[in-house]
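J.:
Protein chains: 4
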Amino acid sequence: MSPQPARRNERSRRAILAAALELLAESGYADLTIEAIASRAGVGKPTIYRWWRGKGAIILDAVVETFPDVVELPDTGDLRADLRAVIRATVAEFADPTLSATTRALTIETLADDDLAGQVRDRLLRPQLDAVRARLESARAAGRVRPDAPLEQVVELLFGPIYHRWLLRTGPLTEPYADALVDLVMAAIEPAGG
Amino acid sequence: MSPQPARRNERSRRAILAAALELLAESGYADLTIEAIASRAGVGKPTIYRWWRGKGAIILDAVVETFPDVVELPDTGDLRADLRAVIRATVAEFADPTLSATTRALTIETLADDDLAGQVRDRLLRPQLDAVRARLESARAAGRVRPDAPLEQVVELLFGPIYHRWLLRTGPLTEPYADALVDLVMAAIEPAGG
Amino acid sequence: MSPQPARRNERSRRAILAAALELLAESGYADLTIEAIASRAGVGKPTIYRWWRGKGAIILDAVVETFPDVVELPDTGDLRADLRAVIRATVAEFADPTLSATTRALTIETLADDDLAGQVRDRLLRPQLDAVRARLESARAAGRVRPDAPLEQVVELLFGPIYHRWLLRTGPLTEPYADALVDLVMAAIEPAGG
Amino acid sequence: MSPQPARRNERSRRAILAAALELLAESGYADLTIEAIASRAGVGKPTIYRWWRGKGAIILDAVVETFPDVVELPDTGDLRADLRAVIRATVAEFADPTLSATTRALTIETLADDDLAGQVRDRLLRPQLDAVRARLESARAAGRVRPDAPLEQVVELLFGPIYHRWLLRTGPLTEPYADALVDLVMAAIEPAGG
DNA sequence: CCTTAACCGAGACGGTACGTCGGGTCTTTGA
DNA sequence: TCAAAGACCCGACGTACCGTCTCGGTTAAGG
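Chains as they are written, first to last, in this note's numbering: chain C, 31 to 224; chain D, 31 to 224; chain G, 31 to 224; chain H, 31 to 224.
1. Taking the C-alpha atoms as reference points, what is the distance between residue 217 of chain D and residue 180 of chain D?
2. Starting from the beta carbon of residue 211 of chain C, find every residue of chain D whose beta carbon is closer than 7 Å, and list them in chain order.
3. When you check each C-beta in the stretch 53-80 of chain H against every C-beta of chain G, which residues fall closer than 7 Å?
4. Give the residues of chain D in contact with residue 142 of chain C, contact being defined as C-beta atoms less than 7 Å apart.
5. What are the boundary residues of the alpha helix (DSSP H) that residue 148 of chain H is part of?
6. Roughly how many angstroms separate the alpha carbons of residue 69 of chain C and residue 209 of chain C, rounded to a whole number?
7. Please list, in chain order, the chain C residues whose beta carbon lies closer than 7 Å to that of residue 189 of chain D.
8. For chain D, is any of its Cβ atoms less than 7 Å away from the one on residue 45 of chain C?
9. To the nearest angstrom, how far is the alpha carbon of residue 153 of chain G from that of residue 83 of chain H?
10. Which whole-angstrom value describes the C-beta separation of residue 75 of chain G and residue 89 of chain G, a residue pair presumed to lie in contact below a C-beta threshold of 8 Å?
11. Could you please give the first and the last residue of the uninterrupted alpha helix (DSSP H) stretch that includes residue 76 of chain H?
12. Flag this pair as touching only if the stretch 170-189 of chain C and the stretch 151-170 of chain D have three or more C-beta atom pairs under 8 Å; answer yes or no.
13. Taking Cβ-Cβ distances below 7 Å as the criterion, which residues of the stretch 149-160 of chain H are in contact with chain G?
14. Give the range of the alpha helix (DSSP H) segment to which residue 113 of chain G is assigned.
15. With DSSP as the reference, label residue 102 of chain G as helix, strand or coil.
16. How would you list, in chain order, the residues of chain D whose beta-carbon sits under 8 Å from the beta-carbon of residue 84 of chain C?
17. Mind checking which residues open and close the alpha helix (DSSP H) that includes residue 207 of chain D?
18. Under the rule that 16 or more other beta-carbon atoms within 10 Å means buried, what is residue 206 of chain D, buried or exposed?
19. Counting contacts by CB-CB distance shorter than 7 Å, is residue 129 of chain D in contact with chain C?
20. With DSSP run on the structure shown, which of helix, strand or coil describes residue 44 of chain G?
21. My assumption, with CB atoms under 8 Å, is that residue 176 of chain D sits in contact with residue 221 of chain D. Please give the rounded CB distance.
22. Taking only beta-carbon positions, decide if residue 186 of chain H is within less than 7 Å of chain G.
23. I'd like to know if residue 217 of chain G contacts chain H, where contact means its C-beta is closer than 7 Å to some C-beta of that chain.
24. Note down the Cα distance separating residue 142 of chain D from residue 59 of chain C, rounded to an integer number of angstroms.
25. Does chain D have any CB closer than 7 Å to the CB of residue 203 of chain C?
26. Under 7 Å between the Cβ atoms of residue 77 of chain D and residue 42 of chain D?
27. Which two residues bound the contiguous alpha helix (DSSP H) that contains residue 197 of chain G?
28. Across the stretch 99-114 of chain D and the stretch 35-53 of chain D, are there enough close Cβ pairs to call them in contact, namely three or more that are closer than 8 Å?
29. Can you give me the C-alpha to C-alpha distance between residue 135 of chain D and residue 126 of chain D, rounded to a whole angstrom?
30. If you check the beta carbons only, do residue 198 of chain C and residue 151 of chain D fall under 7 Å apart?
31. Taking the beta carbon of residue 282 of chain D as the centre, do at least 16 other beta carbons fall within 10 Å, making it buried, or is it exposed?
32. List the residues of chain H whose Cβ lies closer than 9 Å to the Cβ of residue 120 of chain G, in chain order.
33. Would you decide whether residue 40 of chain D is buried or exposed? Buried here means 16 or more other CB atoms lie within 10 Å of its CB.
34. Within the same chain, show all residues whose beta-carbon is closer than 7 Å to that of residue 212 of chain C, passing over the 5 residues directly before and after it, in chain order.
35. Who are the neighbours of residue 90 of chain H on chain G, taking C-beta pairs under 7 Å?
36. So, are the CB atoms of residue 203 of chain H and residue 121 of chain H less than 7 Å apart?
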């Protein structure tokens, strides 16, 4: 009934994921159709529908497989420097046209599919968010962060503005912007007597 | 060549905008087609295409016209209280299923159309963001905000996390969340000797 | 209620008929739309619908007005020569690309509208057919045609094959063809002892 | 590139042709739309466009398939009787409302599409015309027809007037008419000494 | 090694919606 | 006061993809 992963054609799987990313980079979301992916990958449409629920699932798999390593947060003891590193990298990703196109496509699919939204959150973002949260916890243990700071929300305080600016084009996504953002968040969480 | 607004049928215009919002509330973005809007509004498709570029433009017009009054920020002298009011209201909007469906649809269209993105930013969001920014400026003049705080980014620090949580479903959109968010931002901008 | 012919704009009337014939000659029936006629004539569509039922009626009026004079059949006493003259002229009309395009358009409209068919028959064809019939009658009176020949059908025997060949492209429409046709019909109607 | 006939769905093909003829018989050419055919046949529009160029091609296929057997001309030795049989049958076809509606539709399409005109001529009419011509040739060989009679034109002399009368409604399409037509043509081709 | 069953490519299928064109009507505007 | 201009409602156009289905052909597992 349901397909047997053992029989799966690895060549086709790779070709489909690659085709999806290529098409996104070349023509954007508007031209990303299942038919185009199948044609580019040299694959029949049923092969795609056998293994994925739709475009969103393909893009998610492609992204997870192509950019597998979450930024491993350094713990240099200097929280501000460590956050700068990760926020600068994140801002750069959103500023990059190709990566941005992919994220844009994935976000569109996510907005129309709750299931997919959960998977994107858990498989793609959670590791990144958790790593930052862990870094914040270690900083709090070291007395560099107010003991009562709600760390989950602090993480969102770091990443949320980037999404806002990317989504609504309210300003440039540059390094100075990233640094200023980190400074603002640092000011919010530093112990009173800083 | 291009249509003459003077000749426009006001009844049709209203019916189209209303139909779009109704369909969104009832069936969500997936079932929001131009044909469905035309049919519900008792209007021909060409009448829609004569005046709008696509679904996104219709939704934007509908939202702007239906929810015209941006929250008029109070200036009670108590910045924290004033921000709580506006952030609570914003969080409530994103938590509301109907409004959220509309925002979701508009965001999808925005992600696929740069032109539309600019219009959404300028016509829909800018007034709100500017109002908050103005309140922050008056607070800064009153010495309640650090003189070097980058107010544009502070505004995004307030709204960005809400978008993040709404987009990625990383947590509930509740009043306590709103208040905690305001507290974090206040901590980031209060004068050192607060 | 119904339009008053006295008030009719003669300039518009002429422009519409001319535009119809021009468009037919230039682009053929496929591009002959009421909108194109209106635009070419510098006239609004309602002005057309006020005075004509549709494209067919316009073309009929245009043809009747532009080619008003039915071939005046000579009566030289030589029936064969007289018929040759009229049949040659008719064959030449069907062979002419411009006239053929007009006839084609009118025939299409005729096939889809019984009312128009009657008008085309009575206003456009009847004079021609009756003239030939009258010539045949005078020939019969002179003893050149069998007394029992059904003249109405003889007229159709002359013109029918031309329509057949034009409609079904079963052969060229040339002078030799016209002459051979006349000879055949003459053989059918000459008195036995010829 | 072009569709593979081997994969074609025979059930759909039949349903489409049947639907076209039914709609023509019921509502006439004005209501014969591709959408109506698709809907009646329970078929998607693209399935129609995949296999046919337009309405004309469908009707032609339907007619060829539904009325496949050309009247097999008898050769009783009595040419007049044989021609009466075929001309009576032809006149009856044009007089029949359903068949006439089909012919009317096909003629309209034919007038607007040269390609189709050739196909109608070759696939639908040619066999019939050739059969009559063959009968005339055998009669000529038997000395019943003038040796110099242009047989191709004689065939058109038989069928042309029927088209003329049908197209222009110049008279009734009845058996006496058919017989009188045959008599006229016989008079035109019989050897001089009868 | 051979069978056999699953996946594979290919693409036709019934559909839905697209964005456009033209039909015929109705309203506004200007001369 | 009438006609120009053109917006309107409507329906059909021909196309693009959707997701499903039916084909042989190939391939890899299991006997």
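The beta-carbon is built from N, C-alpha and C at its ideal position, and this holds for glycine as well.
T.: A quick look at the data gives this:
1. Approximately 14 Å, taken between the alpha carbons.
2. Result: 183.
3. So the close ones are 59, 60.
4. Going along chain D in sequence order, the residues near residue 142 of chain C (Cβ under 7 Å) are 59, 60, 138.
5. Run containing residue 148 of chain H: 144-149, per the alpha helix (DSSP H) assignment.
6. Near 44 Å, if we compare the C-alpha coordinates of residue 209 of chain C and residue 69 of chain C.
7. The answer, in chain order, is 194.
8. Under the 7 Å criterion on CB atoms, residue 45 of chain C is classed as non-interfacial with respect to chain D.
9. Computed Cα separation, rounded: 36 Å.
10. Contact doesn't hold; Cβ gap of about 17 Å is too wide.
11. For residue 76 of chain H, the enclosing alpha helix (DSSP H) stretches over residues 75-81.
12. Taking 8 Å as the limit for Cβ pairs, the verdict is that the stretch 151-170 of chain D does not touch the stretch 170-189 of chain C.
13. The residues in question are 151, 155.
14. From DSSP, the alpha helix (DSSP H) with residue 113 of chain G extends over 109-125.
15. Reduced to three states, the DSSP call for residue 102 of chain G is coil.
16. None at all; the shortest Cβ gap to chain D is about 12 Å.
17. The continuous alpha helix (DSSP H) containing residue 207 of chain D extends over residues 205-219.
18. With fewer than 16 Cβ atoms within 10 Å of its Cβ, residue 206 of chain D is classed as exposed.
19. Chain C, which has no Cβ nearer than 7 Å to the Cβ of residue 129 of chain D, makes this no.
20. Three-state result, residue 44 of chain G: helix.
21. About 5 Å; that satisfies the 8 Å criterion.
22. With 7 Å as the cut-off, residue 186 of chain H counts as an interface residue toward chain G.
23. Yes, contact with chain H.
24. Roughly 7 Å separates the two Cα atoms.
25. Output row for residue 203 of chain C: interface = no.
26. Going by C-beta atoms, residue 77 of chain D is nearer than 7 Å to residue 42 of chain D.
27. In the DSSP assignment, residue 197 of chain G falls within the alpha helix (DSSP H) that extends over 181-198.
28. At 8 Å Cβ cutoff, the stretches do not touch.
29. For residue 135 of chain D and residue 126 of chain D, the distance between alpha carbons rounds to 14 Å.
30. Going by C-beta atoms, residue 198 of chain C is nearer than 7 Å to residue 151 of chain D.
31. Since the first and last residues shown for chain D are 31 and 224, residue 282 of chain D lies out of range.
32. Residues of chain H passing the Cβ test: none, with the nearest at roughly 12 Å.
33. Result: exposed.
34. Excluding residues within five positions, the ones whose Cβ falls inside 7 Å are 110, 113, 114, 117.
35. Under the 7 Å cutoff, chain G gives no residues; its nearest Cβ is about 13 Å from residue 90 of chain H.
36. Yes.
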